[in-house]
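The sequence shown: position 102 = 102 (full-length UniProt numbering), numbered continuously.
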Amino acid sequence: MIFGLFRKKNNNQAIVDRQYAALTAAARMPELYERLNVPDTVMGRFEMLSIVMILFFRRTRASAVSGQEIAQEIVDAFFQDIDYSIRELGIGDNSVPKRMKKLAGMFYGRLETYSKAMDAGEGEALALALQRNIYPESPAPADMSGLAGWMVAAEAHLSAISEEMIASGSATLPPVACPPAA
1 MIFGLFRKKN NNQAIVDRQY AALTAAARMP ELYERLNVPD TVMGRFEMLS IVMILFFRRT
61 RASAVSGQEI AQEIVDAFFQ DIDYSIRELG IGDNSVPKRM KKLAGMFYGR LETYSKAMDA
121 GEGEALALAL QRNIYPESPA PADMSGLAGW MVAAEAHLSA ISEEMIASGS ATLPPVACPP
181 AA
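In structure tokens form, the structure reads like this:
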């Protein structure tokens, strides 16, 4: 009986790995950085990975238990990946937990802020929140309305994905749409 619990976790690992790889690939789409004003920096990539995780987490909140379990395992993988990245950047072992706590607070703060704006259908509020978070110290932050629009489109795309695709780790995010020709 108890061995069945471990087997389920191992079966989920392949699903979690596949889905996490798809989500990180989406967060690395060059168009996000080239056309939607996300800086191609360590923090810019953290912001995009956080946004993608938030979108996936929002999609799975209405999923069956298996989808929610996979979502939690993916968020856990996200934080393990961040921990590994911090260590790879040469941050000392003693300060990693403090930085992880700060980054986790940033992630959950963004989840709350972005969710509030998206739930209310307030694209301008979402763009302003993105601007504050992605360009926290810039006197002239870049326009984030394109990224906010992509997030709304990505959420609609994810909501149309079947539960079977979520449970199998096959969910994808849409590409960045090209702006209309002038």
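Even glycine gets a Cβ: it sits at the ideal position worked out from N, Cα and C.
Fill in: Contacts around Thr113, its chain only, beta-carbon distance under 7 Å, and the 5 residues preceding and following it disregarded
Annotation for Thr113: Ala129 place their beta carbon closer than 7 Å to its own, counting only its chain and skipping 5 residues before and after.
Fill in: Asp17 to Ser168 span [Cα, whole Å]
Using only the alpha carbons, I get a separation of about 11 Å.
Worksheet entry | Own chain residues within Cβ distance below 6 Å of Ile134, not counting five before or after | The answer, listed in chain order, is Glu47.
Worksheet item: Is it buried or exposed for Val75, if we count other Cβ within 10 angstroms and need 16 for buried?
Response: So Val75 ends up on the buried side.
Practice prompt. Compute the beta-carbon to beta-carbon distance between Gln19 and Ala154, rounded to the nearest angstrom, for a pair I have assumed lies under 8 Å.
Written response: With a Cβ gap of about 15 Å, Gln19 and Ala154 do not count as contacting.
Item to complete: Pull up the distance between the alpha-carbon of Leu55 and that of Asn94, whole angstroms please.
Response: Their backbone Cα atoms lie some 32 Å apart in a straight line.
Practice prompt. Flag this pair as yes or no: are the beta carbons of Leu119 and Asn37 separated by less than 8 Å?
Written response: For the sequence presented, residue 119 should be read as Asp rather than Leu. Contact: no.
Item to complete: Could you pull the start and end residues of the alpha helix (DSSP H) that Tyr135 belongs to?
Response: Counting along the chain, Tyr135 falls outside any alpha helix (DSSP H), and DSSP gives it neither H nor E.
Fill in: First and last residue of the uninterrupted alpha helix (DSSP H) at Ser85
Here the alpha helix (DSSP H) through Ser85 covers Val65 to Glu88.
Item to complete: Just mark Ala117 as buried or exposed, buried being the case when its beta carbon has 16 or more other beta carbons within 10 Å.
Response: Buried: at least 16 other Cβ atoms inside 10 Å.
Worksheet item: Going by the beta-carbon positions, is the gap between Ala148 and Gly123 smaller than 8 Å?
Response: Yes, the Cβ-Cβ distance between Ala148 and Gly123 is below 8 Å.
Item to complete: For Met165, I'd like the list of residues in its chain whose CB is within less than 8 Å of its CB, leaving aside the five on either flank, ordered along the chain.
Response: The beta carbon of Met165 lies closer than 8 Å to those of Ala171 in the same chain, with the five residues before and after it left out.
Worksheet item: Does the beta-carbon of Ser50 have 16 or more other beta-carbons within 10 angstroms, so that it is buried, or is it exposed?
Response: When all chains shown are included, Ser50 counts as buried.
Worksheet item: In whole angstroms, what separates the C-alpha of Arg28 from that of Ala21?
Response: Distance between the alpha carbons of Arg28 and Ala21 is about 11 Å.
Discussion item. Do Glu31 and Val152 count as a contact pair if the criterion is CB distance below 8 Å?
Written reply: For Val152 and Glu31, no; Cβs fall outside 8 Å.
Discussion item. Does Met29 come out as helix, strand or coil in the three-state DSSP assignment?
Written reply: It is coil, neither helix nor strand.
Worksheet item: Counting along the chain, where does the alpha helix (DSSP H) carrying Ile51 start and finish?
Response: Counting along the chain, Ile51 sits inside the alpha helix (DSSP H) bounded by residues Val42 to Thr60.
Worksheet item: What's the gap between the Cα of residue 237 and the Cα of Pro39?
Response: The first residue shown for the chain is 1 and the last is 182, placing residue 237 beyond what the model contains.
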